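The next block holds one structure in the form of structure tokens; read it before the comments.
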Amino acid sequence: MRIILMTGKGGVGKTSVAAATGMRCAELGYRTLVLSTDPAHSLADSFAIALGHEPHEVRPNLWAAELDALRELEGNWGAVKRYISEVLQARGLEGVQAEELAILPGMDEIFGLVRVKRHHDAKDFDVLIIDSAPTGTALRLLSLPEVAGWYMRKFYKPLQGMAQVLSPVFEPIFKRVTGFSLPNKEVMDAPYEFYEELEALEKILTNNAITTVRLVTNPERMVINESLRAHSYLSLYNVATDLVIANRVIPDSVQDPFFQAWKEKQKKYCEQIHNDFHPLPIKQVPLYAEELCGLASLERLKETLHGQEDPTQVFYKENTIRVVEENNQYRLDLYLPGVPKEQIELSKTGDELNIRIGNHRRNLVLPQALSLLQPCGAKMEDDYLKIRFAEPAKR
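Start counting the sequence shown at 6; every next residue gets the next number (the numbering used here).
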């Protein structure tokens, strides 16, 4: 399966781009699903048809769906939700309040990722195009496998083992004192089973032959800056970007003096997009005179975006992480385009390299060749952070 993830700042037009790309893939004979995981769905509006949780056939070879996150949560997390609800009701909350509070913030979005993996495993489609949440939310979701793995290794597995041993002994006392039972095996197993799903999904998302991101941006300063940050953070999580789409560019045919200053600014920003994202390929899409809703208008966008080409190709291959051996020393290169070295914090704990850029952090499990070494210097060169490793000093 080929997975194409469309993301960008809210309102840049990524839903229309995802829908038009799906139409071209279907036209080429690929069984294609366009899946919206954005909590504020607009895919149905883009196709101008009613959509639900299950794939709905839009035209031959093309299906679309809008993820019902609550249904996904119930199917994957139902036992845990019911247990949390029981605990809250035992502490005096009403049934409805307990049900609502049992859904932890962000859990609905998390299960959108699990749905992606299920489609990958089922192999019902050749191409999966994800109309994702805006960049900030999408990046947090992409970091989940890394974060979940850290918590599972450090805390959850030891706690799970202790609970299985102590539960038969303390269950009667615990229920008499608190009014609710200790979590049963189904509840205790659910988080780890979910983590295993996320871990498997990480392998899919970081396989750059299967999954690539397409950044949709507009020729505006704030949007470009957010897109540049997104590109760097995606590289941090080893998720490749293969195309940038500059959307809503005022065409040369518009000669009204009212738009002249706007056109001149856009020209400057389009040049900035080409310079800042080089060597990524850039596609420009004009600002259309009408709203892009319905299959007829999406046909125009499809022709502008892809013409006769195959959208499933990988337009640019990034190697976001590489280990290099030179002069009998190892070096780890991380592709972090546009990030000043002074914004990067590095530390090493055991076999993990901790990388922090602003609010984004990654705990990178080092390959065996580097796990026993210590970082001894780093520099930015050609958009790569190059970290040298050496034997730790002997005491």
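For every residue, glycine included, the Cβ atom is placed at its ideal position computed from N, Cα and C. All values reported here derive from a predicted model rather than from experimental measurement.
| field | Nonlocal neighbours in the same chain, by C-beta distance under 6 Å from P397, ignoring five residues either side | value | Q379
| Sequence ranges, alpha helix (DSSP H) only - wholly within the stretch 281 to 344, length at least 4 | 300 to 311
| Between the CA atoms of Y335 and A45 - distance to the nearest angstrom | 46 Å
| task | With a 10 Å radius around its C-beta and 16 neighbouring C-beta atoms as the bar for buried, classify L118 as buried or exposed. | result | buried
| field | Own chain partners of E296 with C-beta closer than 6 Å, once the 5 adjacent residues on each side are dropped | value | none
| field | Helix, strand or coil at H58 [DSSP, three-state] | value | coil
| Per DSSP, P380 forms a beta bridge with which residues? | F394
| field | Where the beta strand (DSSP E) through I255 begins and ends | value | I255 -> no beta strand (DSSP E), and no H or E assigned at all.
| Which word fits C381, buried or exposed, when buried means at least 16 other C-beta atoms lie within 10 angstroms of its C-beta? | exposed
| request: With DSSP collapsed to three states, give me the class of Y242. | output: coil
| query | Taking just the CA atoms, how far does L369 sit from E357? | reply | 5 Å
| field | According to DSSP, residues forming a beta bridge with E386 | value | Y389
| In whole angstroms, what separates the C-alpha of V290 from that of S258? | 14 Å
| Residue closest to D338, alpha-carbon to alpha-carbon, out of V319, I360, R29 | I360
| task | Sort P286, R7, H236, V244 by Cα distance to T211 and report the nearest one. | result | V244
| field | Validate contact between the stretch 15 to 29 and the stretch 305 to 316 using beta carbons, cut 8 Å, 3 pairs | value | yes
| Looking only at C-alpha atoms, which of L72, R393, E79 sits nearest to F199? | E79
| said: Please report the straight-line C-alpha distance between D247 and I326, rounded to a whole angstrom. | reply: 15 Å
| message | Less than 8 Å between the beta carbons of T222 and V254, yes or no? | response | no
| said: As a quick exercise: from A251, A235, A214, pick the residue whose alpha carbon is nearest that of P224. | reply: A251
| field | Delimiting residues of the beta strand (DSSP E) encompassing A69 | value | 67 to 71
| With which residues is M11 paired in a DSSP beta bridge? | D136, R219
| Delimiting residues of the beta strand (DSSP E) encompassing K353 | 349 to 354
| query | Alpha carbon to alpha carbon, how far is H279 from S232? | reply | 13 Å
| task | Please report how far the alpha carbon of F282 lies from the alpha carbon of Y274, in whole angstroms. | result | 12 Å
| query | Between the beta-carbon of I209 and the beta-carbon of K122, is there less than 8 Å? | reply | yes
| message | Would the stretch 338 to 357 count as touching the stretch 234 to 243 if we require 3 or more Cβ pairs under 8 Å? | response | yes
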